[in-house]
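Chemist: Residue numbers (the numbering used here), protein chains in the order written: chain D, 1 to 252; chain E, 253 to 504.
All C-beta atoms, glycine included, are put in the ideal place defined by N, C-alpha and C.
2 protein chains.
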Amino acid sequence: MLTDQRHQLIRDRLAAEGSVLAGELASHFGVSEDTVRRDLRELAKAGLCRRVYGGAVASAPFATVPVGQRASHAAEEKTRLARATVALLARGQTLFIDSGTTNAAIARAIPRDLDLTVATNSLEIASVLSDHALIELIVLGGRFDRHLGACVGADTLAAVAQLGADLFILGSCGLDVSRGVTAFVSAEAEVKRAMARNSAGIVIAVTSDKLATAAPYRVAGAETIRHLVVEKTAPPAILADFERQGAEIHLA
Amino acid sequence: MLTDQRHQLIRDRLAAEGSVLAGELASHFGVSEDTVRRDLRELAKAGLCRRVYGGAVASAPFATVPVGQRASHAAEEKTRLARATVALLARGQTLFIDSGTTNAAIARAIPRDLDLTVATNSLEIASVLSDHALIELIVLGGRFDRHLGACVGADTLAAVAQLGADLFILGSCGLDVSRGVTAFVSAEAEVKRAMARNSAGIVIAVTSDKLATAAPYRVAGAETIRHLVVEKTAPPAILADFERQGAEIHLA
DNA sequence: GCATGTTTTGCACGTTCATGCAAGAAGCCG
DNA sequence: CGGCTTCTTGCATGAACGTGCAAAACATGC
């Protein structure tokens with residue numbers, strides 16, 4: 001059994017039942033409790049669950065996320081990226097915005113006096129934009145995935161198919177010149193692909209840790225990226241590669 | 253049973269019933285009363301309840317109520333209605349819940365250990381239920397109406413049409429025996445009608461001020477109501493009329 | 001092919017934590 | 001006041017915890 005597989009199964013269990021017991025997982029996987037504790041510690045560190053005595057509970061999504069290890073330490077960078085990304089938007093445009101913490105930061109950075117049409121499958125982003133009076137908000141419904149904090153599945157794909165956007169603000173899990181934009185979950189990748197297909201341009205804002213990494217599911221090729229927003233500290237060599245593929249680089 | 257889970261369930265119980273008894277909780281969870289007292293002490297310290305002799309009571313019901321200008325003055329009544337409505341639910345059921353402050357209160361009163369499938373077009377209700385691990389949540393997307401805080405329109409209708417529910421928790425704008433259930437906005441009424449059509453039973457929880465009033469758009473006849481949850485102070489004559497139409501009356 | 005480094009896992013250690021029990025203090029009711 | 005319940009505090013116990021370490025599995029480089 002691969003460590004990563006075990007992690008995934010624990011995440012599934014958390015999503016399905018809301019909580020897990022260390023001892024129960026240990027006997028279920030046939031490993032020691034120490035190993036399970038290590039797993040839980042790592043998942044908690046990644047913000048995927050909350051560690052409690054005896055096991056772990058699913059971390060509440062955005063509602064009560066003053067915690068969130070990775071949300072806080074990278075919050076400042078994400079805010080900077082968000083501001084730079086919002087600067088690319090023009091009034092009257094139609095956008096797709098999918099889920100992800102960076103995209104949530106972008107939604108939060110959208111000024112209230114910018115009139116846009118926004119279609120999103122992320123509940124958090126929809127909530128953020130719900131009181132922007134000038135934004136025409138389209139919620140892309142479907143089965144809600146707690147991992148992603150967004151809707152996925154056939155209903156979501158059907159909703160996306162009926163729309164077209166000027167820009168797609170794509171929350172990327174991994175970004176590599178040769179492998180392009182990639183995602184961790186199949187259902188997530190499907191929605192991203194549909195949004196990409198129905199958009200005139202793709203905008204990606206990523207923190208440096210996502211650069212030159214790849215996740216299993218392919219979403220779009222590097223040549224489809226129109227705007228790439230990255231931190232100032234990003235390796236110039238990598239950025240040059242993307243630039244050769246036609247992307248416009250924006251440093252935040 | 254994880255300590256954290258117990259705390260969570262006590263909080264749900266507090267939200268649903270308004271008060272808890274130490275001894276009752278102890279036998280319910282199978283722990284000593286000392287443990288329960290410790291739990292209650294911690295919850296009280298965190299400001300999540302107020303400790304009283306023999307148990308604890310929910311601290312200000314406003315604590316968890318976020319927005320909504322008129323939500324405050326009738327909050328307590330709505331919470332009572334919500335508790336009584338949740339008591340009608342059974343595990344494994346599929347529900348439609350549409351928008352409205354009363355329905356939002358009902359969603360908040362749903363305990364975390366109740367597994368349900370819930371389809372809603374209200375963004376607030378979706379957010380509330382998004383961290384209930386046992387609830388299969390289906391977001392009914394479409395054009396977001398800021399006035400309603402929910403999605404309406406053709407896309408929403410199409411999403412509803414694909415589903416069927418055991419119960420429809422209908423947020424009523426006006427309720428009158430002869431005119432039935434009515435709504436203020438055409439688009440809202442359309443969604444309610446679609447949900448009513450695809451549900452085996454209709455549940456309505458209303459404050460007294462909605463009784464014997466009517467809004468322009470007709471949603472469903474009085475004879476289609478299966479459960480009617482009202483305040484104790486509701487005029488018996490009106491309730492008798494609904495009872496004659498086949499509704500089961502629940503006083504909160 | 002062998003040595004080296006890395007990762008994963010299990011075990012032993014001392015520590016922390018949740019729980020229940022006992023004893024005394026405090027609150028409630030007649 | 002007296003009898004009762006409920007509460008708090010201190011303490012003991014066992015379970016869960018983190019850490020350091022070593023063995024094993026695996027990859028990497030010469």
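Which residues bound the beta strand (DSSP E) around Ile256(D)?
Modeler: Look at the range of chain D in this structure, 1 to 252, and you will see that residue 256(D) is not part of it.
Chemist: In terms of residue numbering, what span does the alpha helix (DSSP H) encompassing Ala214(D) cover?
Modeler: No alpha helix (DSSP H) contains Ala214(D), which DSSP labels as neither H nor E.
Chemist: Give a yes or no on whether 8 Å exceeds the smallest Cβ distance from Asp155(D) to chain E.
Modeler: So, interface residue.
Chemist: Can you tell me the Cα-Cα spacing of Ala58(D) and Ser19(D), whole angstroms?
Modeler: When rounded, the distance between both Cα atoms is 6 Å.
Chemist: Nearest-angstrom Cα distance between Gly221(D) and Val181(D)?
Modeler: Computed Cα separation, rounded: 6 Å.
Chemist: Ordered along the chain, which non-local residues of its own chain (more than five positions away) have a Cβ less than 6 Å from that of Ala267(E)?
Modeler: Once the five neighbours on either side are set aside, the close Cβ partners of Ala267(E) are Ala361.
Chemist: Just to confirm my understanding: we take Thr224(D), look at its own chain, exclude 5 residues before and 5 after, and list those with CB closer than 7 Å. What are they?
Modeler: Only Ala196 and Ile202 meet the Cβ criterion.
Chemist: Just verifying my parser: in three-state terms, what is the DSSP assignment at Ile358(E)?
Modeler: Of the three classes helix, strand and coil, the one that applies to Ile358(E) here is helix, per DSSP.
Chemist: Check whether the Cβ atoms of Val229(D) and Glu188(D) sit closer than 8 Å, and answer yes or no.
Modeler: No, the Cβ-Cβ distance between Val229(D) and Glu188(D) is not below 8 Å.
Chemist: Hey, out of Ser382(E), Ala457(E) and Gly426(E), whose CA is closest to Pro468(E)'s CA?
Modeler: Closest option to Pro468(E), Cα to Cα, is Gly426(E).
Chemist: Against chain E, does Glu24(D) count as a neighbour if the rule is that its beta carbon must be under 8 Å from one of theirs?
Modeler: False, the Cβ-Cβ gap to chain E never drops below 8 Å.
Chemist: By DSSP, does Asp241(D) sit in helix, in strand, or in coil?
Modeler: In the structure shown, Asp241(D) sits in a helix (DSSP, three-state: H, G or I).
Chemist: Quick check: the segment 89-107 of chain D against the segment 139-152 of chain D, are there 3 or more CB pairs under 8 Å?
Modeler: Short answer: they touch.
Chemist: Does Glu483(E) come out as helix, strand or coil in the three-state DSSP assignment?
Modeler: If DSSP states are grouped into helix, strand and coil, Glu483(E) belongs with coil.
Chemist: When the Cα atoms are used, what is the spatial distance from Val128(D) to Ser382(E)?
Modeler: Going by the C-alpha atoms only, they are around 15 Å apart.
Chemist: The alpha helix (DSSP H) spanning Leu409(E) covers which residue range?
Modeler: Ala406 to Ala413 is the span of the alpha helix (DSSP H), which, as asked, contains Leu409(E).
Chemist: Considering just the uninterrupted stretch of the beta strand (DSSP E) at Asp176(D), what are its terminal residues?
Modeler: Gly174 to Asp176 is the extent of the beta strand (DSSP E) around Asp176(D).
Chemist: Could you compute how far the alpha carbon of Arg50(D) sits from the alpha carbon of Gln8(D)?
Modeler: So the two alpha carbons sit approximately 16 Å from each other.
Chemist: Buried or exposed: which applies to Phe494(E), given that a residue is buried once 16 or more other Cβ atoms fall within 10 Å of its Cβ?
Modeler: Classification of Phe494(E): buried, given that the 10 Å Cβ count is 16 or more.
Chemist: Roughly how many angstroms separate the alpha carbons of Ile163(D) and Asn198(D), rounded to a whole number?
Modeler: As written in the sequence, residue 163(D) is Leu, which differs from the Ile given in the question. Roughly 7 Å between the two C-alpha positions.
Chemist: Taking Leu148(D) as the reference, give the member of Leu167(D), Ala133(D) and Gly171(D) with the closest Cα.
Modeler: The shortest C-alpha separation from Leu148(D) is found at Gly171(D).
Chemist: What's the gap between the Cα of Phe29(D) and the Cα of Arg6(D)?
Modeler: Rounded to the nearest angstrom, the two C-alpha atoms are 8 Å apart.
Chemist: Span of the alpha helix (DSSP H) holding Ala22(D)?
Modeler: First-last of the alpha helix (DSSP H) with Ala22(D): Ala22 to Phe29.
Chemist: Taking Glu248(D) as part of the alpha helix (DSSP H), name the residues at either end of that continuous run.
Modeler: Note, Glu248(D): premise wrong, no alpha helix (DSSP H); beta strand (DSSP E) at Glu248 to Leu251.
Chemist: Put Thr459(E) into one of helix, strand or coil per three-state DSSP.
Modeler: In the structure shown, Thr459(E) sits in coil (DSSP, three-state: anything other than H, G, I, E or B).
Chemist: Hey, is Gln257(E)'s beta-carbon within less than 8 Å of any beta-carbon in chain D?
Modeler: Taking Cβ atoms only, chain D reaches closer than 8 Å to Gln257(E), which makes this a yes.
Chemist: Measure the C-alpha to C-alpha separation of Thr35(D) and Thr3(D) and round it to an integer number of angstroms.
Modeler: Taking the straight line joining both Cα atoms gives about 9 Å.
Chemist: Strictly below 8 Å CB to CB, what residues from chain D border Ser374(E)?
Modeler: Correct list: empty, because the minimum Cβ distance to chain D is about 10 Å.
Chemist: If you follow the alpha helix (DSSP H) that Asp166(D) is in, where does it begin and where does it stop?
Modeler: Segment Ala165 to Leu170 is the beta strand (DSSP E) holding Asp166(D); no alpha helix (DSSP H) there.
Chemist: Report buried or exposed for Gly246(D), applying the criterion of at least 16 other Cβ atoms within 10 angstroms of its Cβ.
Modeler: Exposed: under 16 other Cβ atoms inside 10 Å.
Chemist: Classify Arg293(E): buried if its beta carbon has 16 or more other beta carbons within 10 angstroms, exposed otherwise.
Modeler: It is exposed - the Cβ of Arg293(E) has fewer than 16 other Cβ atoms within 10 Å.
Chemist: Is it the case that the Cβ atoms of Asp428(E) and Ala466(E) are separated by a distance below 8 Å?
Modeler: Yes; because the gap between Cβ atoms is below 8 Å, this pair is in contact.
Chemist: Using a Cβ cut-off of 8 Å (strictly closer), state whether Cys151(D) contacts chain E.
Modeler: Chain E contact via Cβ: present.
Chemist: Is the CB of Glu17(D) under 8 Å away from at least one CB in chain E?
Modeler: Yes, Glu17(D) counts as interfacial toward chain E.
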